[in-house]
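Engineer: Going by my numbering, the sequence shown opens with residue 32, and the numbers climb by one from there.
Built from N, CA and C at the ideal position, the CB exists for glycine as well.
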Amino acid sequence: MIVPTPLRDAVYDHVAKERYKWFGKSDDCLVLREQDLLDRFIDREELLERSRSVL
Numbered sequence: 032m033i034v035p036t037p038l039r040d041a042v043y044d045h046v047a048k049e050r051y052k053w054f055g056k057s058d059d060c061l062v063l064r065e066q067d068l069l070d071r072f073i074d075r076e077e078l079l080e081r082s083r084s085v086l
């Protein structure tokens, strides 16, 4: 689907401006609240530990 750039940009800008009104705004990060999501990320200590084992 081809959308003219000015129309695409106008829709994007409108959505960006209204998104908090439509969906709300959370003060907390979902990843930091959900342990199963947090476990998917490599933390600093794990990264340092892995780099030491390679050396």
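(1) What is the DSSP secondary structure of Asp40, counted as helix, strand or coil?
(2) Using the C-alpha atoms, what's the distance from Val34 back to Phe54?
(3) Tell me the residue span of the alpha helix (DSSP H) that contains Asp70.
(4) For Glu76 and Ser82, I'd like the C-alpha separation in whole angstroms.
Structural biologist: Walking through what the data contain:
(1) helix
(2) If you take the alpha carbons of Phe54 and Val34, they lie about 25 Å apart.
(3) Taken as a continuous stretch (DSSP letters only), Asp70 belongs to no alpha helix (DSSP H), as it is neither H nor E.
(4) 10 Å
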